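First residue of the sequence shown: 4, per the numbering used here; consecutive thereafter.
The C-beta atom is built at its ideal place from N, Cα and C for all residues, glycine as well.
Quick caveat, the model's predicted, so the values are computed rather than measured.
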Amino acid sequence: MAASYPSHLPAAYLSGHGDRQFDGLANKFAAGLYGSVRGDIRLAVLDHLLPRLLALSGQPMLDVGGGLGQMARWFAERGHPVTLLEPSGEMLARGREMLAAHDVKVVQAPLQDLAEQAPGPWPLIVCHAVLEWLADPRSALMRMADALAPGGQLSLMVFNRDALRLSNMVKGNFDKVLDDRLAGTGQRQRLTPISPLTHGQIETWASEAGLTLKACAGVRVFHDYLKARELEPGALDKLVELERRYCDVEPHWRLGRYLLYTLTRPVDTAEVSSSFSSSPTGA
């Protein structure tokens, strides 16, 4: 069924599926999201959380929408056979540079082609900061659930709509909040996601997909609300310590700029032997 594109998004800035396109934005994306303090914090918190939230045993991993390759490299360095699925040729060019020293299989394709290009079943799928750029994030989650092996794990990270609302309040954008105009338009060089998501949506969709929510946490629960944009020497280390300390503590995790989930597919004893007896297709 064809996706129904949000009416406020001009088609010129969208893919054929209605998703935000990133060709032409790789340099801005790299500088704005990873070449900055907020990128350092994001990676530092993930480095803290992923070994705690996932049962890792060197199993094959599919990185959906892997972009510049940070997560693919993280898992490859820990002994996982990695396949990276990414639609943007420009992002993949940057990703290949980062992954040059690692044996990572790269597939250029959108998430909508997952079943054809990297069908699995996969014991581990990672999809970080992808769903918020899609016109139909619910269907994307369903596709990944279908690709999971019984007992498989999905590490899902999404841009938090509630945090975006609070951030706009802190900035004094009252009219935007009153009108609920929080989503980006997908225009030009701006990097506000077109489909920011809520915890309630992920809970509902996971249940509909037959997945079990095992753990959740927040990423950047403090940084984005700081009044000071420049940190004094030594302050970054203290901030990272605090981000790690409270990233999975109520109520702080709920206001992380990103929400991180571990979702699992329940084990069907009739499928176990076939799903884990061989490596996933394309791995």
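Cβ-Cβ separation, residue j to residue i (assumed contact under 8 Å), whole Å
i: Leu88; j: Ala118; result: About 11 Å; that fails the 8 Å criterion.
i: Arg164; j: Leu200; result: 6 Å
i: Pro153; j: Asp22; result: So it is not a contact: roughly 29 Å between Cβ atoms.
i: Ala75; j: Leu102; result: 6 Å
i: Trp125; j: Leu52; result: Contact doesn't hold; Cβ gap of about 20 Å is too wide.
8 Å Cβ shell around residue i - same chain, five flanking residues per side excluded
i: His226; result: Val40, Arg41, Ile44, Leu242, Glu246 and Arg260
i: Leu57; result: Leu127, Gln156, Ser158 and Thr265
i: Asp50; result: Trp77
i: Val67; result: Leu88, Leu114, Leu117, Ile128, Val129, Cys130, Val133 and Met147
i: Gly98; result: Gly69, Gly70, Leu71, Gly72, Ala75, Leu87, Glu89 and Val109
i: Met145; result: Trp208, Glu211 and Ala212
i: His105; result: Ala75, Arg76, Ala79, Glu80 and Val85
i: Ala47; result: Val243, Glu246 and Arg247
i: Lys179; result: Asn171 and Leu185
i: Leu181; result: none
i: Leu234; result: Val40 and Leu242
Residue i burial status per 10 Å Cβ neighbour count (16 or more: buried)
i: Ser91; result: buried
i: Gly69; result: buried
i: Pro236; result: exposed
i: Pro283; result: For Pro283, the pLDDT reaches just 48, beneath the cut-off of 50, and the residue's location in the model is therefore unreliable, leaving the point undetermined.
i: Gln115; result: buried
i: Pro63; result: buried
i: Gly213; result: exposed
i: Thr267; result: buried
i: Glu135; result: buried
i: Pro140; result: buried
i: Leu151; result: buried
i: Val222; result: buried
Same chain, Cβ closer than 6 Å to residue i, five either side skipped, listed in chain order
i: Asn176; result: none
i: Cys219; result: Tyr264
i: Lys217; result: Thr265 and Thr267
i: Ala14; result: Interpretation of Ala14 is limited by its pLDDT of 49, a score under 50 that renders its predicted location unreliable; the figure taken from the coordinates is listed afterwards. Same-chain partners within the cutoff: there are none.
Member of the options whose CA lies at the smallest distance from the CA of residue i
i: Val107; options: Gly82, Gln120, Pro196 and Leu59; result: Gly82
i: Ala186; options: Leu137, Ala212, Asp240 and Thr267; result: Leu137
i: His20; options: Val129, Pro196, Thr265 and Ala143; result: Ala143
i: Met94; options: Gly221, Trp208, Arg76 and Gln24; result: Gln24
i: Ala96; options: Pro140, Leu28 and Asp178; result: Leu28
i: Met160; options: Thr86, Arg257, Lys230 and Pro269; result: Arg257
i: Ala166; options: Cys130, Val224 and Asp66; result: Val224
i: Arg55; options: His255, Asp66, Cys250 and His105; result: Cys250
i: Ile205; options: Leu65, Leu262 and Ala121; result: Leu262
i: Leu17; options: Ile197, His255, Tyr228 and Thr215; result: Ile197
i: Ala26; options: Leu71, Val173 and Lys179; result: According to the sequence displayed, residue 26 carries Asp and not Ala. For Asp26, the nearest C-alpha among the options comes from Leu71.
i: Leu293; options: Val173, Leu59 and Val252; result: The requested residue 293 does not occur in the structure, where the chain is confined to residues 4 to 286.
i: Gly61; options: Gln73, Val85, Ala47 and Leu46; result: Val85
i: Leu211; options: Ala104, Leu59 and Asp149; result: The sequence shown places Glu at residue 211, rather than the Leu named in the question. It is Asp149 whose Cα lies nearest to the Cα of Glu211.
i: Thr215; options: Pro269, Asp182, Asn171 and Glu233; result: Pro269
Sequence-distant residues of the same chain with beta carbon closer than 7 Å to residue i, five excluded per side
i: His202; result: Arg257 and Leu262
i: Arg232; result: none
* Asked: Considering only residues of the stretch 56 to 97, which uninterrupted beta strand (DSSP E) runs meet the minimum length of 3 residues and lie entirely inside it, listed in chain order?
  -> 64 to 67 and 85 to 89
* To do: Tell me the start and end of each unbroken beta strand (DSSP E) in the stretch 153 to 237 that is at least 3 residues and wholly inside, in chain order.
  => 215 to 222
* **Minimum length 4: unbroken alpha helix (DSSP H) runs contained in the stretch 103 to 127** => 117 to 120
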